[in-house]
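As you go down the protein sequences, you meet chains C and X in turn. For the numbering used here, add 6 to where a residue sits in the first sequence, where the first one is 1. For the numbering used here, add 97 to where a residue sits in the second sequence, where the first one is 1. Input: a single structure, listed below in structure tokens.
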Amino acid sequence: MVKKIKIILNDKEVFCDEGLTIMQAAYDHGVELPNLCFHPDLSIKANCRICVVEIIGRKSLATACDTKVQEGMEIKTDTARVRYSRNLNIELIFAEHIEKCPTCIWRVNCKLLELADQYKIQITRFADRKGKRKIYKFANAVEIDGSQCIDCRNCIDACGNLQKINFLELGGKGISQEVAPVTEKSIFSFRDRNKKKVDCIYCGQCAVHCPVGAAQEHADWQFVEKALKDKSPQPPFIKGGTKIVVAQFAPSIRVSIGEEFGAEEGKVMTGQLVAALKKLGFHYVFDVNFSADITTIVEAEELLERIKSGQGLPMFTSCCPAWIKYVEFYRPDLIPNLTTARSPQIHGAGIIKTYWAEMLSTSGKKVKPKDIVVVSIMPCTAKKFEAGRAELKIKGSLPIDYVLTTRELAWLIKKNKINFKHLKPLAADNPLNQASGAAAIYGASGGVMESALRTAEYLMQTAQDTVCRDLKKIDKACGSSAGHRLEFQDVRGLEGVKTATLTMGGKKVRVAVVNGIGNIGPVLDNLKNFDYIEVMACPDGCIGGGGQPIPTTAEIRRKRLAALYKIDGASAVRKAHENRAALGVLSWLKRKGKLENEVLYTRYQKRK
Amino acid sequence: MYLNLDSRLRGNDKKEVASSPPASGGRNDNMYMNGILEKIKSAGLVGRGGAGFPVDKKWSAVQEAVGAKKYVVCNAAEGEPGLAKDGYILEQYPGKVINGMQIAIDFLSAPAAASADRAEVRGYLYLNYKYHKKLGKKIAALLKNSPIEIFVKPLNSGYIGGEESAALNAIEGRRIEPRLKPPFSSSKGLWGCPTLVNNVETFYNVSLVKSGQYKGNRFYTIGGDCPHEGVYELPESFTIEKVLKQTENYPKFPFFAQIGGNASGEVLSSRQLRRPVQGSGSIAVHSITKTNFKKIIIDWLDFFINESCGQCTPCREGTIRLKEIFIAEKPDWVLFNSLLDNLVDTSLCSLGSSVAVPIRSYLKNVYPTVNK
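Next up, the structure:
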């Protein structure tokens with residue numbers, strides 16, 4: 007049991023656990039202290055110095071984020087001296103951050119503006135000193151704007167200590183210090199000759215841990231806004247040259263977007279999300295859960311094939327585009343081990359632009375892929391990069407036109423003054439609105455694997471190589487799957503690496519789930535011990551993605567995760583291969599010859 | 098800087114003969130080693146790096162800290178302008194300094210570790226580049242077969258590179274800047290191991306204490322507008338005035354002095370010198386007629402702006418703003434003062450909190466007499 011100790015907080019005697027920091031203890035007693043550099047995911051750096059408090063008997067002020075409470079400690083959080091220094095430090099920080107409010111998606115929930123307002127800070131006494139700083143862009147996914155950086159170093163910490171990529175470093179010192187990508191010179195220093203080349207994997211953990219939006223996603227919302235403005239009247243009255251604008255949203259968005267509008271963490275808001283997208287002007291809104299079932303089936307079939315032949319094991323999942331970039335750059339030798347299944351957003355968009363386009367076409371007017379604009383709403387910055395991969399083109403054009411992060415979408419909703427929380431829930435559009443519970447859990451670490459295992463086990467036990475695509479026989483095939491295992495608890499949870507040996511259809515399948523790319527080391531060192539490995543680059547999977555609402559912390563991720571498993575548990579259909587609509591699409595694709603390959607599978611390339 | 102080594106007044110005039118590697122002796126003798134702590138305590142040794150922390154307390158803290166491995170670091174960074182005594186000591190008495198380090202290593206060794214691999218590095222002499230160039234070879238020869246290595250302080254690491262925990266970062270190859278404390282180096286220092294960091298002069302004194310030669314002297318670096326710049330060894334009880342007079346440096350013209358470093362040191366008027374020297378033991382004499390009030394403050398501010406590691410807001414942002422205000426046509430003195438208060442109150446390390454020392458003491462002790 008943790009010992010309780012007595013402290014005096016703002017003249018009141020209170021009891022708190024020994025070992026807490028002043029910030030934690032104060033929070034537990036209703037005193038919230040301001041902070042910028044503090045993030046529960048990261049080490050305590052105590053460099054912004056705005057959480058200062060007075061401890062009676064100490065010469066100088068103390069930072070509440072790193073100072074531990076002690077028996078009898080007398081703490082004052084709001085004396086004139088505290089206010090003086092706290093406000094001055096906020097003001098100094100403000101002068102580092104060039105206000106780009108008119109184009110900043112952060113202005114509606116900017117921590118700096120909030121602090122300025124709360125403490126009545128004069129924000130113009132000091133001239134901006136970083137006006138000419140560079141913006142570093144990492145592909146079309148993430149960027150770091152030096153002119154907005156407040157030197158808290160959270161991004162470096164996230165990239166290094168959390169993700170262990172170490173792509174960002176701090177150059178210079180004092181006022182000239184700057185967060186920048188590593189250079190050849192800095193990596194190959196005389197001290198450490200063994201370091202390897204480093205590149206960004208676009209995971210966006212820098213962005214989701216940045217308190218002031220200096221590190222953020224490459225913005226695409228302006229283009230989407232334009233596409234929505236230029237839209238034609240509702241189909242089927244498509245006029246020449248105008249577009250149908252379609253949105254598809256990822257499994258993990260529904261449990262996180264509410265947070266942007268004051269909903270409790272982990273609240274499932276699928277209906278409001280669809281309604282908001284419709285209100286923004288999207289003609290059709292599709293749920294990526296549908297295409298996640300496609301991904302599951304394709305991937306499970308491939309897993310089975312590899313296990314049977316014993317070739318290309320272990321097989322890796324490929325849904326996480328940051329992980330794919332990691333393999334292509336750091337471990338190209340493992341490219342053959344990646345499943346060739348495309349990711350759910352690519353599957354979804356490909357199906358929208360082929361299958362659904364055909365369905366939409368009438369005898370008078372054929373809907374071509376280029377008539378459709380597909381906008382993906384993703385928890386992820388790397389999905390922006392994935393969407394631009396040339397090898398994903400179908401009949402010469404890319405399936406996805408734009409990718410927005412959860413944050414960008416929330417911004418668009420706020421910008422258009424849509425009262426998100428009070429929207430009347432709407433269902434996503436059919437025919438692509440059927441989904442199994444297995445799809446919902448794609449957003450959590452271990453979810454992709456669990457979904458694939460549900461289907462793989464069914465196939466193994468029924469001695470089938472592939473899921474039956476013959477529509478007429480589907481009912482029969484599905485019927486026989488009752489009684490197979492649903493929940494694979496071993497691959498669930500928030501540990502960094504989860505491993506299990508499962509017996510499926512008489513075969514032993516050894517699996518590993520890597521939760522966060524920073525934890526991949528030991529698994530890569532023991533590849534021969536595994537047959538199937540899921541890797542999600544972000545902590546706890548997509549619910550902790552680089553494009554998710556800020557703040558995203560372990561506690562919040564836990565709640566989002568619980569919500570996803572709840573959706574799964576409450577689903578009538580919980581296995582991908584029982585999703586009839588998905589089987590229908592697969593069967594349609596099977597009849598299309600070369601197109602099937604183009605929509606379902608992909609390849610990878612070594613990157614330098 | 099002035100390394101004009103005036104030896105006229107040194108206590109021991111004989112150049113020291115390099116003693117044999119002092120690794121041997123007393124390693125296993127725990128009784129004896131506890132004896133050294135008692136000796137240090139009764140000699141009243143305080144750290145000579147500037148902070149003046151009691152040496153025995155620091156040693157006990159490292160001794161009591163839990164750790165299979167413990168390190169000893171001798172800080173010979175001497176990065177602040179106006180200081181030269183560590184270089185002087187290393188030149189004159191390198192064997193004594195190394196002996197002091199070895200005493201510390203033996204003191205911190207568990208009896209079981211006494212037979213440990215000799216080649217294992219247990220101590221680092223953290224040497225600035227200038228001293229390394231001048232003395233490195235000589236010292237390296239003395240360190241043969243000892244568990245102590247020279248670590249050359251990176252060239253661009255500046256003043257902050259001499260801060261205790263920044264020095265440890267430098268040795269580890271990490272960004273050279275102070276660490277957040279606690280934990281202190283004594284419990285988590287080099288690579289997380291308990292680490293004893295002392296100044297050159299401190300180890301020198303430890304060696305003297307051990308051999309019963311410690312006489313309560315300290316080294317003074319004297320410079321500025323005076324005829325006999327250099328390093329002097331004199332009793333630590335001497336007042337500043339007496340030190341200046343003994344060294345024939347007491348000016349005949351109106352002057353003030355900066356004590357304990359030419360950047361962070363306190364400024365005293367000539368009437369305030371009847372007190373002993375504090376901190377790292379430097380005395381810089383400034384002629385009042387020659388000193389430009391604006392320039393001296395701008396020089397200090399420039400120093401702190403350049404040397405700030407950039408970690409914490411009050412120092413990184415505050416120092417540059419102080420200068421902006423100071424050179425403005427109509428300085429906002431209230432804000433200037435607030436920024437100084439803020440540095441004292443909220444800086445992460447002592448570099449930040451020392452910015453106010455020279456400026457405030459100058460304005461308080463000297464400025465009024467200048468502008469009479």
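Yeah, the Cβ is synthetic: ideal placement off N, Cα and C, and Gly gets one too.
CB contact check: residue i to chain X, cutoff 8 Å
{"i": "phenylalanine 536 of chain C", "result": "no"}
{"i": "valine 497 of chain C", "result": "no"}
{"i": "serine 91 of chain C", "result": "yes"}
{"i": "leucine 26 of chain C", "result": "no"}
{"i": "phenylalanine 132 of chain C", "result": "yes"}
{"i": "lysine 235 of chain C", "result": "no"}
{"i": "glutamine 240 of chain C", "result": "Interpretation of glutamine 240 of chain C is limited by its pLDDT of 48, a score under 50 that renders its predicted location unreliable; the figure taken from the coordinates is listed afterwards. So, not an interface residue."}
{"i": "arginine 55 of chain C", "result": "yes"}
{"i": "glutamate 102 of chain C", "result": "yes"}
Same chain only: Cβ atoms within 7 Å of residue i, ignoring 5 sequence neighbours per side
{"i": "isoleucine 162 of chain C", "result": "Leu174, Glu175, Leu176, Val185"}
{"i": "serine 282 of chain X", "result": "Glu261, Ser262, Leu265, Thr292, Val294"}
{"i": "isoleucine 422 of chain X", "result": "Pro428, Asp429, Leu432, Phe433"}
{"i": "tryptophan 224 of chain C", "result": "This sequence places histidine at residue 224 of chain C; tryptophan is not what is there. Contacts found: Lys143, Asn146, Ala147, Val148, Glu149, Lys390."}
Collapsed DSSP secondary structure at residue i in the structure displayed
{"i": "aspartate 322 of chain X", "result": "coil"}
{"i": "arginine 139 of chain C", "result": "coil"}
{"i": "phenylalanine 229 of chain C", "result": "helix"}
{"i": "tyrosine 256 of chain X", "result": "helix"}
{"i": "aspartate 151 of chain C", "result": "strand"}
{"i": "leucine 15 of chain C", "result": "strand"}
{"i": "asparagine 616 of chain C", "result": "The requested residue 616 of chain C is not part of the displayed model; chain C covers only 7 to 614."}
{"i": "asparagine 146 of chain C", "result": "coil"}
{"i": "glycine 247 of chain C", "result": "Only weak support is given to the placement of glycine 247 of chain C: the predicted model assigns it a pLDDT of 48, under 50, and the value that follows is read from those uncertain coordinates. Looking at glycine 247 of chain C - three-state DSSP - the assignment turns out to be coil, as it is neither helix nor strand."}
{"i": "arginine 87 of chain C", "result": "helix"}
{"i": "proline 338 of chain C", "result": "helix"}
{"i": "threonine 505 of chain C", "result": "strand"}
{"i": "asparagine 521 of chain C", "result": "strand"}
{"i": "proline 348 of chain X", "result": "coil"}
Contacting residues, own chain, Cβ-Cβ under 6 Å from residue i (five flanking each side not counted)
{"i": "leucine 445 of chain X", "result": "Gln408, Cys409"}
{"i": "leucine 142 of chain X", "result": "Val152, Asn302"}
{"i": "arginine 92 of chain C", "result": "Ile56, Val58"}
{"i": "glutamine 355 of chain X", "result": "Gly362, Val364, Ala381"}
{"i": "leucine 606 of chain C", "result": "Val304"}
{"i": "cysteine 54 of chain C", "result": "Leu42, Cys43, Cys158"}
{"i": "methionine 510 of chain C", "result": "Glu463, Met466"}
{"i": "histidine 45 of chain C", "result": "Asn160, His215"}
Residue i at chain C interface by Cβ criterion, 8 Å
{"i": "lysine 339 of chain X", "result": "no"}
{"i": "leucine 436 of chain X", "result": "yes"}
{"i": "leucine 448 of chain X", "result": "no"}
{"i": "glutamate 414 of chain X", "result": "yes"}
{"i": "aspartate 442 of chain X", "result": "yes"}
{"i": "glutamine 474 of chain X", "result": "Since the first residue of chain X shown is 98 and the last is 469, residue 474 of chain X is not available in this structure."}
{"i": "serine 121 of chain X", "result": "Reliability of the predicted coordinates at serine 121 of chain X is poor, the pLDDT of 39 falling under 50, and the value obtained from them is presented with this limitation in mind. Not an interface residue."}
{"i": "isoleucine 417 of chain X", "result": "yes"}
Close beta carbons around residue i, own chain, < 8 Å, minus the five adjacent residues each side
{"i": "alanine 68 of chain C", "result": "Ile28, Val58, Val59, Glu60, Ile61"}
{"i": "cysteine 116 of chain C", "result": "Cys107, Cys110, Val218, Gly219"}
{"i": "alanine 267 of chain X", "result": "Tyr223, Phe248, Lys250, Pro251, Ser254, Gly258, Ile273"}
Expected contact under 8 Å - CB spacing of residue i and residue j to nearest Å
{"i": "isoleucine 523 of chain C", "j": "cysteine 209 of chain C", "result": "7 Å"}
Cross-chain neighbours of residue i in chain B, by beta carbon under 8 Å
{"i": "isoleucine 99 of chain C", "result": "Annotation note: the requested chain B is absent from the structure, which comprises protein chains C and X."}
Does the region 415 to 423 of chain X come into contact with the region 399 to 406 of chain X, if we say contact requires no fewer than three beta-carbon pairs (one atom in each stretch) closer than 8 Å?
When Cβ pairs closer than 8 Å are counted between the two stretches, the region 415 to 423 of chain X is seen to touch the region 399 to 406 of chain X, the count reaching three or more.
Is there contact between the region 440 to 450 of chain C and the region 525 to 532 of chain C, where contact requires at least three CB pairs shorter than 8 Å?
no
Kindly confirm or deny that the region 323 to 335 of chain C and the region 540 to 552 of chain C touch, where touching means at least three C-beta pairs closer than 8 Å.
Inter-segment contact for the region 323 to 335 of chain C and the region 540 to 552 of chain C is present: three or more beta-carbon pairs are separated by less than 8 Å.
Whether or not the region 350 to 368 of chain X and the region 458 to 469 of chain X are in contact is what I'm after, with contact meaning three or more pairs of Cβ atoms, one per stretch, closer than 8 Å; do they touch?
yes
Check whether the region 391 to 403 of chain C and the region 413 to 424 of chain C touch, using three or more Cβ-Cβ pairs below 8 Å as the test.
no
With a threshold of 8 Å, are at least 3 pairs of Cβ atoms found where one atom belongs to the region 567 to 585 of chain C and the other to the region 445 to 465 of chain C?
With three or more CB-CB distances shorter than 8 Å, the region 567 to 585 of chain C counts as touching the region 445 to 465 of chain C.
Would you check if the region 214 to 231 of chain C and the region 146 to 162 of chain C touch, i.e. whether three or more CB-CB distances between them fall below 8 Å?
yes
Three or more C-beta pairs closer than 8 Å, one from the region 388 to 396 of chain C and one from the region 359 to 366 of chain C: is that the case here?
no
Is the region 251 to 265 of chain C in contact with the region 348 to 364 of chain C, if contact means three or more CB pairs nearer than 8 Å?
yes
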